[in-house]
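Comments concern the structure below.
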Amino acid sequence: MNHPEQMYNYHAWANQTILGRIKELPSSVLSQEVNSSYPTIAHALSHIYTVDKMWYLVLTGTGMPVALQACIPLNSEIHGSVDEYIQCFTDLSAQYSEWLRDRADLEQTILLDNPFAGIRKTSLSDIVIHVVNHGTYHRGNVSTMLRQLGHASIMNDYSLFWYQEQAQV
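If you're matching positions, the sequence shown starts at 4 in the numbering used here and goes up one per residue.
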């Protein structure tokens with residue numbers, strides 16, 4: 004397994020870990036308003052999913068401007084249950100995993116036309132690492148939001164993933 008694939012597996016595991024924690028809490032925790040980066044945990048989860056989906060489209064050949072337009076509506080899709088988020092993330096993770104398995108050269112570069120930053124050559128591996136980094140950042144937001152709502156979060160650090168992965172071998 005290559006490094007970007009390993010990192011993506013961590014990302015998928017960490018998403019499911021925090022979603023599992025949220026599932027243990029009252030269902031209202033998704034929609035309770037907090038004074039944070041996002042008004043609710045559901046909004047934060049929708050943002051993570053939307054960006055993951057957008058980058059998946061880019062990785063599979065869709066230009067970034069088109070991928071953004073296709074995914075912007077997803078950002079406002081606020082799911083009413085943790086199970087819906089679990090299913091969305093599970094389905095998208097399966098797509099990423101299949102793409103990663105079938106990819107011979109993750110160091111291949113594409114011409115990325117980012118409407119917010121400009122045009123540049125970017126490796127596929129850098130995009131995957133960005134997806135992971137973006138998710139880590141926003142799971143931190145979700146952890147903070149949980150604490151603001153009076154609930155403990157759950158550890159989902161990369162170093163914990165090493166041990167979870169090792170236990171499965």
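Glycine is no exception: its CB is placed at the ideal position from the N, C-alpha and C atoms.
Nearest-angstrom beta carbon gap, residue j and residue i [assumed within contact, 8 angstroms]
{"i": "residue 43", "j": "residue 33", "result": "7 angstroms"}
{"i": "residue 89", "j": "residue 22", "result": "5 angstroms"}
{"i": "residue 84", "j": "residue 126", "result": "So it is not a contact: roughly 37 angstroms between Cβ atoms."}
{"i": "residue 146", "j": "residue 162", "result": "About 16 angstroms; that fails the 8 angstroms criterion."}
Whether residue i touches residue j by CB criterion (8 angstroms)
{"i": "residue 118", "j": "residue 67", "result": "yes"}
{"i": "residue 40", "j": "residue 136", "result": "no"}
{"i": "residue 124", "j": "residue 114", "result": "yes"}
{"i": "residue 10", "j": "residue 132", "result": "yes"}
{"i": "residue 18", "j": "residue 138", "result": "yes"}
{"i": "residue 93", "j": "residue 77", "result": "no"}
{"i": "residue 103", "j": "residue 8", "result": "yes"}
{"i": "residue 47", "j": "residue 148", "result": "yes"}
{"i": "residue 73", "j": "residue 61", "result": "no"}
With 16 other Cβ atoms within 10 Å as the buried cut-off, status of residue i
{"i": "residue 51", "result": "buried"}
{"i": "residue 59", "result": "buried"}
{"i": "residue 6", "result": "exposed"}
{"i": "residue 153", "result": "exposed"}
{"i": "residue 49", "result": "buried"}
{"i": "residue 128", "result": "buried"}
{"i": "residue 24", "result": "buried"}
{"i": "residue 86", "result": "exposed"}
{"i": "residue 142", "result": "buried"}
{"i": "residue 172", "result": "Legend: pLDDT at residue 172 = 47, less than 50; position of this residue unreliable, value from coordinates given subsequently. Burial call: exposed."}
{"i": "residue 15", "result": "buried"}
{"i": "residue 45", "result": "buried"}
{"i": "residue 105", "result": "exposed"}
{"i": "residue 164", "result": "buried"}
{"i": "residue 140", "result": "exposed"}
Task: Whole alpha helix (DSSP H) elements within the segment 30-63, 4-residue minimum - done: 44-62
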